[in-house]
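Shown next, in C-alpha cells, is the structure this report addresses.
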Amino acid sequence: MSTEAEALRAALAWQVAMGADEAILPAPQPRLAAAASPAAPEAPGEGPSGRRAAAVPRSLPPAGEEAAALAAGAASLEALREAMARFTGSPLRETATQLVFSDGVAGAPVMVIGEAPGAEEDRLGKPFVGPSGQLLDRMFASIGLARGENLYITNVLPFRPPGNRTPTDAEIALFLPFVLRHVELAAPRLLVLSGGVAAKALLQARDGITRLRGRWHPVTLPSGQVMRALPTWHPAYLLRNPKAKREAWADLLLLRRELDRG
Ligand code: URA
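Going left to right, the sequence shown walks through residues 10 to 271 as our numbering numbers them.
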C-alpha cells in the first residue's frame with residue numbers, strides 16, 4: 010500500500026475514533042439556506058436540491074421491534090449473544106471492532122451492568138478490562154466477589170460508541186430489550202448498576218446517579234419478575250473523583266450485607 014493510502018487510512022481511523030460517524034460531501038452544502046427558504050415542491054424521493062434523498066427503509070421493521078423480538082426469542086445466553094451479533098439495527102456495530110457481551114460466571118449471585126465498552130474492551134471483546142475495570146475488580150474483591158468465581162458483568166451497550174462518547178437515549182432504548190433478557194437468562198440474585206447510564210436505563214428514572222445510588226430499587230423484567238438493583242458510582246467516575254470512594258464503599262457494604270442475608 011502506498012504511503013499516501015496509509016496516511017489516508019490512518020486519518021480516517023483517527024476520525025472514527027474521535028466520534029465522526031457521518032461522511033460529508035466533497036463540496037460545501039448551503040444547509041442553513043435550504044432550511045430557511047420556503048419548502049419547494051419536491052418530486053417523490055428527491056430532496057430540495059434535486060438530488061435523491063436518502064431512502065428511508067420504511068418497509069423494514071423498526072430496529073427497536075427487531076431488538077425486542079430477537080431478545081425475546083433467545084433461550085440461552087449463547088443464543089442471546091448470537092442474536093445480538095446478528096442485530097443490524099445500530100450503526101455502532103459498524104464503528105466498533107466487535108461485540109462485547111459479558112465476562113464472569115453466568116448464574117453468579119451478582120450481575121454488574123456498566124455503560125458501554127471503551128477502547129480496551131472493544132479490542133479484547135470483554136467488559137471492564139481497562140483502567141476502570143481494574144478498579145472495579147479491586148472494589149468487588151474487597152467484599153469477596155470476583156469475575157472468575159461469583160460475579161457476572163455486562164454493559165448497557167454491547168458496542169463501543171465512537172470516541173467513547175456517552176450513549177444517546179435512543180441507543181440506550183434500542184439495546185434495553187437485550188439487557189433485560191440478559192438479566193433474565195443470567196438470573197443473578199442482585200443487580201449492581203454501575204454509573205448513571207445503567208441506572209437510568211434499568212430504573213427508567215429521571216433522577217441522576219447522585220440521588221439514586223446507595224439504596225435498593227426494583228427492576229421489573231419482561232417476564233414480570235421483580236429484581237433488586239443497587240445503583241452506585243461508576244469506577245471511571247471514582248478514578249476522577251477519589252473522594253467519592255467512601256460512598257462507593259458504603260454501597261459495597263450494603264451489597265455484602267444483602268448477600269449475607271441469604
Ligand atoms: N466502562 C463501562 O461502563 N464498561 C466497560 O466495559 C468499560 C468501561
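Ideal Cβ placement from N, Cα and C applies to all residues, glycine included.
Residue i to residue j span [Cα, whole Å]
i    : j    : result
F137 : G113 : 11 Å
K209 : A76  : 19 Å
L86  : L194 : 6 Å
G205 : W242 : 8 Å
L211 : R18  : 39 Å
N173 : L79  : 26 Å
V119 : P71  : 33 Å
R67  : L268 : Per-residue confidence for R67 stands at a pLDDT of 38, beneath the threshold of 50, marking its modelled position as unreliable; the derived number appears in the next sentence. Distance between the alpha carbons of R67 and L268 is about 48 Å.
N159 : A16  : 46 Å
A155 : T104 : 31 Å
D146 : G157 : 10 Å
A238 : L263 : 11 Å
P100 : A259 : 38 Å
K252 : S111 : 29 Å
R224 : G233 : 22 Å
A150 : F96  : 35 Å
A257 : R102 : 32 Å
Q213 : L221 : 11 Å
P227 : L202 : 12 Å
K254 : P167 : 27 Å
T229 : N250 : 32 Å
Close beta carbons around residue i, own chain, < 7 Å, minus the five adjacent residues each side
i    : result
L144 : P244, L247, L248
A207 : I122, G123, E124, V165
G217 : G205
For residue j and residue i, believed in contact at Cβ under 8 Å, the rounded distance
i    : j    : result
E129 : G139 : 4 Å
I122 : T163 : 6 Å
M9   : V188 : Since the first and last residues shown for the chain are 10 and 271, residue 9 lies out of range.
R169 : P197 : Not confirmed; about 24 Å, so no contact.
A92  : A83  : 5 Å
Neighbourhood of residue i by C-beta distance below 8 Å, restricted to the same chain and skipping five residues each side
i    : result
A81  : P186, R190, P231
R215 : none
G328 : Outside the shown range of the chain, which is 10 to 271, sits residue 328, and nothing can be said about it.
L199 : P118, V119, M120, M236, R237, A238, L239, L264, E267, L268
R132 : T106
E180 : S99, L101, L166, P170
Beta-carbon proximity list for residue i, same chain, < 6 Å, skipping 5 on both sides
i    : result
I152 : L261, R265
L41  : With a pLDDT of 43 at L41, under the threshold of 50, the modelled position of this residue cannot be trusted, and the question is left open.
A14  : none
A94  : L108
**Asked** Residue ranges of each alpha helix (DSSP H) run of no fewer than 4 residues wholly in the region 101-129, ordered along the chain?
**Response** Counting only runs of 4 or more, we get 101-104.
**Any alpha helix (DSSP H) of 4 or more consecutive residues that is wholly inside the region 136-164** = 140-150
**Request:** Output the residue ranges of the beta strand (DSSP E) runs that lie fully inside the region 183-258 and measure 3 residues or longer, sorted by chain position.
**Result:** 199-203, 226-229, 235-241
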